[in-house]
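Residue numbering for the sequence shown follows the numbering used here, beginning at 39 and increasing consecutively.
Beta carbons are placed, not taken as given, at the ideal position from N, Cα and C, and that holds for glycine.
Small disclaimer: the values here were computed from a predicted structure and weren't measured.
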Amino acid sequence: MEPVTATLVILGLAILAFLSSRIPLAVVAVGVALALWATGVLSLEQALAGFGDPTVLFIAGLFVVSEALDATGVTAWAGQQVIARAGTGRTRLVVVVAVLVALLTALISVNGAVAALLPLVVVVAARTGVPTSQLMMPLAFSAHAGSMLMLTGTPVNIIVSEAAADAGERRFGFFEFALVGVPLLVGTVLIIVLLGPRVLPTRQVEGLPRDVVALAATLREEYELAEDADLLGRHRGVTEVLVPPRSPLVGMHVFAGMTTPSGDLVILGARRGREKLYGSEVRLQPGDALLLEGSWSDLDRHTASPEVLVVDAPSTLRRSVPLGTGAKRAVLVLLAMIVLLATGAVPAAVAALLAAGALVLTRILSIAQAYRGISWTTVILVAGMIPLATAFEVTGTAKMIAGGLVEQVGAGGPHLALLLVCVLTLVLGQLISNTATVLVVAPVSIAVATAMGVSVLPFMMALTVIGGAAFLTPVATPANLMVMEPGGYRFTDYWRLGLPLAAFFLAMSVLYVPMVWPF
39 MEPVTATLVI
49 LGLAILAFLS
59 SRIPLAVVAV
69 GVALALWATG
79 VLSLEQALAG
89 FGDPTVLFIA
99 GLFVVSEALD
109 ATGVTAWAGQ
119 QVIARAGTGR
129 TRLVVVVAVL
139 VALLTALISV
149 NGAVAALLPL
159 VVVVAARTGV
169 PTSQLMMPLA
179 FSAHAGSMLM
189 LTGTPVNIIV
199 SEAAADAGER
209 RFGFFEFALV
219 GVPLLVGTVL
229 IIVLLGPRVL
239 PTRQVEGLPR
249 DVVALAATLR
259 EEYELAEDAD
269 LLGRHRGVTE
279 VLVPPRSPLV
289 GMHVFAGMTT
299 PSGDLVILGA
309 RRGREKLYGS
319 EVRLQPGDAL
329 LLEGSWSDLD
339 RHTASPEVLV
349 VDAPSTLRRS
359 VPLGTGAKRA
369 VLVLLAMIVL
379 LATGAVPAAV
389 AALLAAGALV
399 LTRILSIAQA
409 YRGISWTTVI
419 LVAGMIPLAT
429 AFEVTGTAKM
439 IAGGLVEQVG
449 AGGPHLALLL
459 VCVLTLVLGQ
469 LISNTATVLV
479 VAPVSIAVAT
489 AMGVSVLPFM
499 MALTVIGGAA
509 FLTPVATPAN
519 LMVMEPGGYR
529 FTDYWRLGLP
539 LAAFFLAMSV
549 LYVPMVWPF
């Protein structure tokens, strides 16, 4: 099989695998890399080069930084400070949520920002009486717009910046994305505010994430604790556990105020069903509930034992505490990383890896937390798809497709070529990962720009803009999928607000971007 044919067949099979949703994304990505080697399109070193690519290491480092901000309560603090001042009106609430998630996305990625703010926005919706269906989709879509405010907003920004440098152009500056990101965010918020009430459903949703403030009040009431008891503090907290069958705790003598055998935790109370257990002669039975108090680290360590079943994980409760232990150090590490990235003092991958290492060395995160904070699916997806982009270049596939596009354009000029590239990216981005889409389309775009004798920069910036227009389906991005259940959305709800936003992003890509980055 000819290399060009093999490359296109592998791409087609990868797209089908992505669309099927039956094969994990990471498995598809690794399969792509191995298929390129097996068919002789790439050498083994080329096929596996993506796993050591600086872009991949940069993305992994950013996930660790994001985890630190979330785990130390920086995200919760920012959300509470801003949303608490938003009032109860829908319009003002939508604007505040949109701006907040956009700013947070610029620092920690789309999926991280949406995951961090989703429980908080749900609680605010409940307290203000605004249906979650009116807030969840604006939360996700505004995050997409916010990803263009800084280099760190999305892996796509990093990919197009490096692609521009590989093509002989300069890299984009850390804040340069804001030149298009700010008007994108403003336009997105306006469209959501004006069209949202008309096109978004109004549905009541059950089973939403719990309000930790209400949880603390419930625990005080059920375990008959003093009203001034600080159950969820910066350094110490509580968690409720159940005694499972065959646990060595069965038959253990307990009473309120005693310490656990390790001496690290205090038992604040015990319950059997709906009744609180009193007295000094209580012995535990399977199904009994205990309220444990201690430092967050001790709660994490001891509740990981199979001796108990955790009702609310300490790590989850800790994230709801604003500015918890290590928050100041996490912010300092973040600022130091931003300075390194903005000044270009060190390569981007080095800056992110230094930040990740500092977070572990200063004990803000354990090494296990750092590993858990990395979205390995995203990392492997990017690493596995980079070789496909390489194959497009070395086999001449990109030049072949670019030549066909240039022929179709004729005398239409670079604007028409850019439109065709962006439409292709927009369509593919609704079906498969926008990261994978940009990795595939980037070499084609570079080849088109080279064939037409114009700058690569407007094509690369347009790719990151239109790559963020993943609005039409819930499966387009993890963020879209995250808000589906809490918003009570159906598959067909997305295109109603997504279509005008996608048209706006397309117009910005084709008309506005070349004004700032000329051909």
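N- and C-terminal bounds of the beta strand (DSSP E) containing residue i
i       : result
Leu-391 : Looking at the DSSP string, Leu-391 is not in any beta strand (DSSP E); the run it does join, the alpha helix (DSSP H), is 386 to 399.
Val-42  : Element bounds for Val-42: not the beta strand (DSSP E) but the alpha helix (DSSP H), 41 to 58.
Val-279 : 274 to 280
Ala-327 : 327 to 333
DSSP three-state assignment for residue i, whether helix, strand or coil
i       : result
Val-292 : strand
Val-94  : helix
Arg-130 : helix
Arg-258 : helix
Leu-403 : coil
Val-159 : helix
Leu-510 : coil
Leu-347 : strand
Thr-297 : strand
Arg-410 : helix
Arg-321 : strand
Glu-313 : strand
Ala-421 : helix
Trp-115 : helix
Glu-207 : coil
Pro-552 : helix
Val-79  : coil
Pro-516 : helix
Same chain, Cβ closer than 8 Å to residue i, five either side skipped, listed in chain order
i       : result
Leu-330 : Val-276, Thr-277, Glu-278, Val-279, Thr-298, Leu-303, Val-304, Ile-305, Leu-306, Leu-337, His-340 and Thr-341
Met-546 : Val-218, Pro-221, Leu-222, Gly-225 and Val-503
Gly-271 : Val-359
Leu-537 : Phe-509 and Leu-510
His-273 : Ser-333, Trp-334, Gly-362 and Thr-363
Proximity of residue i and residue j at Cβ, strictly below 9 Å
i       : j       : result
Val-447 : Leu-458 : yes
Ala-124 : Val-152 : no
Val-70  : Pro-41  : no
Trp-555 : Leu-495 : yes
Arg-356 : Ala-106 : no
Met-186 : Phe-212 : no
Ala-64  : Thr-415 : yes
Pro-452 : Met-490 : yes
Gly-191 : Leu-145 : yes
Leu-287 : Val-346 : yes
Gly-526 : Arg-241 : yes
Ala-390 : Ala-383 : no
Ala-308 : Val-292 : yes
Pro-558 : Ser-404 : Since the first and last residues shown for the chain are 39 and 557, residue 558 lies out of range.
Val-420 : Asp-91  : yes
Own chain, CB closer than 6 Å to residue i, minus 5 neighbours either side, in chain order
i       : result
Phe-210 : Ser-199
Ile-484 : Ala-205 and Val-494
Ala-380 : Phe-212
Ala-33  : The structure shown does not extend to residue 33, since the chain spans only 39 to 557, so no value can be given for it.
Ile-439 : Val-482
Extent of the continuous alpha helix (DSSP H) to which residue i belongs
i       : result
Gly-467 : 452 to 467
Ser-353 : 352 to 357
Ile-305 : Ile-305 -> not in any alpha helix (DSSP H); beta strand (DSSP E) instead, spanning 304 to 310.
Glu-83  : 82 to 86
Asp-204 : 193 to 204
Tyr-532 : 532 to 545
Arg-174 : Per the sequence shown, the amino acid found at residue 174 is Met instead of Arg. Counting along the chain, the alpha helix (DSSP H) containing Met-174 begins and ends at 174 to 184.
Ser-483 : 472 to 490
Val-70  : 63 to 76
Met-522 : 522 to 525
Thr-226 : 216 to 237
Thr-502 : 495 to 505
Leu-263 : No alpha helix (DSSP H) contains Leu-263, which DSSP labels as neither H nor E.
Arg-367 : 365 to 381
Neighbourhood of residue i by C-beta, 7 Å cutoff - its chain only, sequence neighbours within 5 removed
i       : result
Gly-234 : Val-132, Gln-172, Pro-176 and Leu-535
Ala-427 : Leu-477, Val-478, Ala-480 and Pro-481
Gly-422 : Ala-67, Val-68, Val-70, Ala-71 and Gly-88
Ile-61  : Ala-55
Glu-431 : Pro-481
Contact belief for residue i with residue j at Cβ below 8 Å, rounded distance in angstroms
i       : j       : result
Ala-387 : Phe-96  : 4 Å
Val-586 : Ala-136 : Any question about residue 586 goes unanswered here, given that the chain covers just 39 to 557.
Gly-295 : Gly-111 : Rounded, the Cβ-Cβ distance is 28 Å, inconsistent with contact.
Pro-524 : Met-174 : 6 Å
Pro-425 : Gln-119 : The pair is not a contact, with the Cβ atoms about 44 Å apart (cut-off 8 Å).
Phe-101 : Ile-412 : 4 Å
Leu-141 : Gly-184 : 6 Å
Pro-282 : Thr-473 : About 41 Å; that fails the 8 Å criterion.
Short CB-CB distance (under 9 Å) between residue i and chain C
i      : result
Leu-63 : Looking for chain C here will not work: only one protein chain is present.
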